[in-house]
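Q: Encoded as structure tokens, here's the structure I'll be asking about.
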Amino acid sequence: MSDIRFTVTSQFAGCRFDVCLSKLMGVSRANAISLIESSKAKILNRKSQKSSILQESDVIVVNKEDDCVSDCDCDCASACDSSSSLQSQPDICDLEIVYNDDDVVVINKPVAMASHAAKGWNGPTVPESLEAAGIRINTTLCDESRKGIVSRLDVGTSGLMLVCKTDFAYEKMKQQFASHSVSKTYTALVQGNLEQNKATIEAPIGRSKVSDFRFTVTKNGKPAVTHWDVLERFGIATLVSVNLETGRTHQIRVHFSSIGHPLVADKMYGANPKLAGKLELQRQWLHSTKLEFKHPRTGKLVKLESEYPLDLQHALQAVRQL
């Protein structure tokens with residue numbers, strides 16, 4: 042099985058190896074250090090230690106079988122639609138904490154971790170991972186399995202996710218999400234060349250008759266609105282910035298599939314497996330990149346951003362070379 046390689050750009054030059062690896066892969070520092078110390082992640086052609094300082098044009102090599110990728114196309118609220126298991130699940134406390142105070146915590150959720158417990162899911166979840174990391178979630182206004190969860194990400198989607206630690210924050214943030222005052226920006230790589238530079242997809246979404254785990258555009262579904270802007274074109278694929286007015290399950294994946302441009306490597310919604318193979322990508326190219334919200338207690342605007350994890354970085358580099 043081939044390795045994944047990442048060329049260090051100016052933004053990571055001067056960073057410690059373990060810090061950079063943690064950000065690129067969306068895993069904890071402890072997990073990144075483990076990969077380095079076991080020689081499963083290294084800097085090509087020079088001594089690799091966790092404290093090594095990266096230089097521009099350095100090449101990071103990661104043993105692919107240890108990359109946090111998933112071939113399971115299930116939503117965190119439903120069971121897997123196939124018998125295949127996740128290739129590599131993150132540790133139970135394998136979380137990068139992006140923001141943390143007495144009321145809320147924002148994590149950089151890795152792929153292969155569910156937002157909360159669900160029937161048929163036996164892997165790690167965000168609430169239990171937070172608890173294992175010593176972060177107490179004291180909300181009582183929701184089910185125990187969904188403590189503090191006001192918005193979720195699919196198992197195969199990585200990036201910024203907010204969790205409430207108190208009932209006060211939970212109520213306030215639920216109001217913000219309901220009024221669409223929280224700004225969440227995703228970045229997605231979709232198949233094909235989108236004709237427009239920006240557009241809106243407005244189409245209702247409901248469960249598919251083909252599978253309980255799939256969703257589809259249907260006149261009997263719930264209203265769903267997706268806004269997108271082109272960031273970069275590659276001919277065979279297009280990188281887009283996505284903002285949602287609504288938060289339906291699999292909304293981004295369903296909407297782009299409905300216009301003939303499924304997310305790259307999103308097998309559930311019609312992605313070309315040959316392209317996914319060329320990019321060595323085993324989950325949909327989708328990342329929660331930016332999050333803006335008013336702090337539930339202070340009212341101050343909080344703005345957060347997340348870098349692409351290693352597998353998405355690698356796929357993006359590969360598509361530029363096709």
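Residue numbers (my numbering): 42 to 363. Where a beta carbon is used, it is the ideal one built from N, C-alpha and C, also for glycine.
(1) Taking the straight line between their C-alpha atoms, what separation do you get for D44 and K81?
(2) Between which two residues does the beta strand (DSSP E) holding R46 run?
(3) Short of 7 Å in beta carbon distance, which residues of its chain neighbour K64, apart from the five on each side in sequence? Order them along the chain.
(4) Rank K319, M154 and S298 by C-alpha distance to the C-alpha of G311 and give the top, closest one.
(5) Just to confirm the assignment, what range does the alpha helix (DSSP H) spanning G164 have?
(6) Looking only at its own chain, which residues have a Cβ that is under 6 Å from the Cβ of K239, when we skip the five neighbours before and after it?
(7) Around the Cβ of D364, are there at least 16 other Cβ atoms within 10 angstroms (buried) or fewer (exposed)?
(8) Label E137 either buried or exposed according to how many other C-beta atoms from any shown protein chain fall within 10 Å of its C-beta, with 16 as the threshold for buried.
(9) Look up G200 in the DSSP assignment and say whether it is helix, strand or coil.
(10) Of the residues R255, H355 and V147, which one's Cα is nearest the Cα of N104?
(11) Would you give the residue range spanned by the alpha helix (DSSP H) that I74 belongs to?
(12) From Q96, L351 and H336, pick the residue whose C-alpha is nearest to that of L375; which is it?
(13) Scan the stretch 227-276 and note each continuous alpha helix (DSSP H) run of 4 residues or more that stays entirely inside, going in chain order.
(14) In whole angstroms, give me the CA-to-CA distance for V139 and S249.
(15) Find the nearest neighbour of L235 within the set E273, T198, L320 and A174, judged by alpha-carbon distance.
(16) Helix, strand or coil: how does DSSP classify K225 here?
(17) When you compare each of I242, H268 and A229 to C329 by their alpha carbons, which one comes out closest?
(18) Nearest to L182 by alpha carbon, out of R193, H157, L203 and E212?
(19) Sort out for me which residues DSSP pairs E212 with in a bridge.
(20) When we look at the beta-carbon of P151 and count the other beta-carbons within 10 Å, is it buried (16 or more) or exposed?
(21) Give me the Cα-Cα distance between L351 and T279, rounded to the nearest whole angstrom.
(22) Between G175, V102, R187 and T198, which has its C-alpha nearest N149's C-alpha?
(23) May I have the straight-line CA-CA distance separating F218 from V191, to the nearest angstrom?
A: Reading it off the structure:
(1) 10 Å
(2) I45 to T48
(3) E348
(4) S298
(5) Element bounds for G164: n/a, residue is neither H nor E.
(6) D270
(7) For residue 364 there is no data in the structure shown, the boundaries of the chain being 42 and 363.
(8) buried
(9) strand
(10) H355
(11) R70 to E78
(12) Past the boundaries of the shown model lies residue 375; the chain is included only from 42 to 363, so the question cannot be answered.
(13) none
(14) 35 Å
(15) E273
(16) strand
(17) According to the sequence displayed, residue 329 carries Ser and not Cys. The shortest C-alpha separation from S329 is found at A229.
(18) E212
(19) For E212, which the question treats as bridged, DSSP gives no partner whatsoever.
(20) buried
(21) 19 Å
(22) T198
(23) 8 Å
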